[in-house]
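Reading through the structure tokens given below for one structure.
Number of protein chains: 2
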Amino acid sequence: MDMWYTEKHSKNVGITLRVTRTLFSGKSEFQQLDIVDTPEYGRMMLLDGLVMCTERDEFVYHDMIAHPALFVHPAPKQVLVIGGGDGGSIREIVRHPEVELATLCEIDGLVVRKSVEHLPTLAGAIDGSHPKVKLHIDDGLAYIREHQNAFDVILVDSTDPIGPAVGLFEEDFYRLVFGALKEDGIMVAQSESPFYHAQIQRDMFRNLRAVFPIVEMYQAFIPTYPSGLWSFAFASKKYHPVRDFDRERAAKRDFHTKYYNEDLHLGAFMLPTFARENIAD
Amino acid sequence: MDMWYTEKHSKNVGITLRVTRTLFSGKSEFQQLDIVDTPEYGRMMLLDGLVMCTERDEFVYHDMIAHPALFVHPAPKQVLVIGGGDGGSIREIVRHPEVELATLCEIDGLVVRKSVEHLPTLAGAIDGSHPKVKLHIDDGLAYIREHQNAFDVILVDSTDPIGPAVGLFEEDFYRLVFGALKEDGIMVAQSESPFYHAQIQRDMFRNLRAVFPIVEMYQAFIPTYPSGLWSFAFASKKYHPVRDFDRERAAKRDFHTKYYNEDLHLGAFMLPTFARENIAD
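Respectively, the protein sequence lines represent chains A and B.
Its first residue numbered 1, the first sequence is counted upward by one per residue in UniProt numbering.
Its first residue numbered 1, the second sequence is counted upward by one per residue in UniProt numbering.
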């Protein structure tokens, strides 16, 4: 049986991948979860039919959601991930020796359980065994409302602004995140494709700028995401992602990163003109 | 009729686009040429079934093959394009006021004729009317053999290293290009996807380094190309693409570029770790 999965990125374009096996398929109270095996990209997780991550290219997303903020903040001790139930972001965070505690707050326990079961290269740090990792199955908004002034870095590792993540793109949410950060805290959030999602980016960055004094966008290339060009919002109370970047510390890191490096950190903020224009004031 | 075109980027993955109309389909002595209309990407040209360009995203490729070299070379007067029969590279070259003559040497006259007919936003400068453009329907190797020490910049705007373009990735060809450049000349060539084509890149950059003293890779994101991450080789006799970049001149350009800008020029050379490793000495 020659089986292909096609994710439509619009009515008129999509990516198609050969699938050899379904490892899990089921519904939580929040969403449909599928984990399948593909010959080209390894195991692949889908939520409501959208590709969340694959074993082959997840290194790009997880390097880029985690390392820029963690190499800009001079002492990232308390780090929170909202969403990110596959565990990839937590895996990267705990590679930083400065981190004392990495907390995962994921709304959907099924995503965590099935990632631990079927995506061990991602979820190794959220299987309950890591001494620096704490796990909460909870709504991110409720969690940060109760944990104000608590974190150095917060990563919003969410799905698209439809379904359970819709509230994670709104100004009220960013005000709560601002409050949950310490006085020099940094938030990073995935911010969709500059090529396909100009309007979402415009709204999101307007909402962020209403709350944070420093808001910049940076880019990464992720082959299995719509258009291949993805972006992140860097929203900060004090540190600028380029001017306050500790290039020396990043260059001296004692772990290998397949995508991130101290030069790419700077290059990621040098955006194509059309991406700049999406979020122009 | 719901018609989709799927380009397989390997046996196991591909891009799929809805197609509404075929504008041209035919075979030259070199290759199969198709031009179709798509709702998402506008008109799209395929050679031997591979997407060469679409109206919606061709600006990335053509900005990035042309502008970096033309803003590094202090006086790019004589510019040659080998391949590039759609005309997009020539269109960008003649926007530079320093350029006195832009020569297109394309092996396949059918590509030029059908681009002029069906892709006017790309081929406007190669329809015979532009005073600074000269057109040769000829084999690129034969042409440069007869035009040594003649060009400031040569752009190798080729297809993949299969079919008619296979010779354009070999050391002998780069020696001819070196000879066809003046003493401070620059060559730029498309150099495939760092994500899918590591071995091609390794061979190509080894061949280039055997000939040119300065060889660097830079990246651009092109949604309709395999993986979305594409690259170019910058091979130069004298000028370094970053250290000798005239940022001021680039910033003062009097034309709008939807992808290229003077910051992105620098960022494009800041590569992901895995791409660096593809071409490590």
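Just so it is clear, CB atoms sit at the ideal spot from N, CA and C, and this is done for glycine as well.
Complete beta strand (DSSP E) runs within the region 33-78 of chain A (minimum length 3 residues, chain order): 42-47, 50-54
I want to see whether chain A comes within less than 9 Å of Trp149 (chain B), judged by CB atoms only; does it? Per the sequence shown, the amino acid found at residue 149 (chain B) is Asn instead of Trp. Answer no: the Cβ-Cβ gap between Asn149 (chain B) and chain A never drops below 9 Å.
Between Gly14 (chain A) and chain B, is the shortest Cβ-Cβ distance under 9 Å, so that the two count as touching? yes
Determine, using beta carbons only, whether His62 (chain A) comes closer than 9 Å to chain B. no
Residues in its own chain within less than 6 Å of Thr16 (chain B) by CB, not counting five upstream and five downstream? Trp4, Thr6
Less than 9 Å separating the beta-carbons of Ala189 (chain A) and Ala233 (chain A)? yes
Within 10 angstroms of the Cβ of Pro76 (chain A), are there 16 or more other Cβ atoms? Answer buried if so, exposed if not. buried
Partners in chain A for Arg209 (chain B), counting only beta-carbon separations shorter than 7 Å: Per Cβ cutoff of 7 Å: no residues; Arg209 (chain B) is ~20 Å from chain A at best.
Which residues in chain B sit within 9 Å of Asn261 (chain A), going by Cβ to Cβ distance? Met270, Leu271, Pro272, Thr273, Arg276
I'd like the span of the beta strand (DSSP E) that includes Leu185 (chain B), first residue to last. Per the sequence shown, residue 185 (chain B) should be read as Gly rather than Leu. Residues 181-190.
Given a limit of 8 Å on CB to CB distance, which residues of the region 2-34 of chain B reach chain A? When C-beta distances to chain A are compared with 8 Å, the residues of the region 2-34 of chain B below that value are Thr6, Ser10, Lys11, Asn12, Val13, Gly14, Ile15, Thr16, Leu17, Arg18, in chain order.
Leu208 (chain B) versus Ala268 (chain B) - alpha carbon distance: 19 Å
Please work out which residues of its chain come closer than 7 Å, Cβ to Cβ, to Ser25 (chain B), disregarding the five sequence neighbours upstream and downstream, and give them in chain order. Asp34
Taking the Cβ atom as the reference point for each residue, do Leu122 (chain B) and Glu55 (chain B) lie within a distance shorter than 9 Å? yes
So for Tyr143 (chain B), helix, strand or coil by DSSP? helix
Can you give me, in chain order, the residues of the region 221-242 of chain B that have a beta carbon less than 7 Å from any beta carbon in chain A? Phe221, Pro223, Ser227, Gly228, Leu229
Please confirm whether Met187 (chain B) and Ala69 (chain B) have their CB atoms less than 9 Å apart. yes
Pairs of beta-carbons, one from the region 76-94 of chain A and one from the region 152-159 of chain A, closer than 8 Å: are there three or more? yes
Beta carbon of Gly85 (chain A), beta carbon of Asp108 (chain A): below 9 Å? yes
Would a C-beta distance cut-off of 9 Å place Ile222 (chain A) and Gly14 (chain B) closer than the cut-off? no
Identity of the residue in A:Glu98, A:Val51, A:Val177 nearest Lys8 (chain A) by Cα: A:Val51
When B:Asp127, B:His147, B:Ala102, B:Leu104 are compared against Lys114 (chain B), the one with the closest alpha-carbon: When only C-alpha atoms are compared, the closest one is B:Asp127.
Would you call the region 231-251 of chain B in contact with the region 247-262 of chain A, where contact means no fewer than 3 C-beta pairs closer than 8 Å? In short, these stretches do not touch, since the Cβ pair count stays below three.
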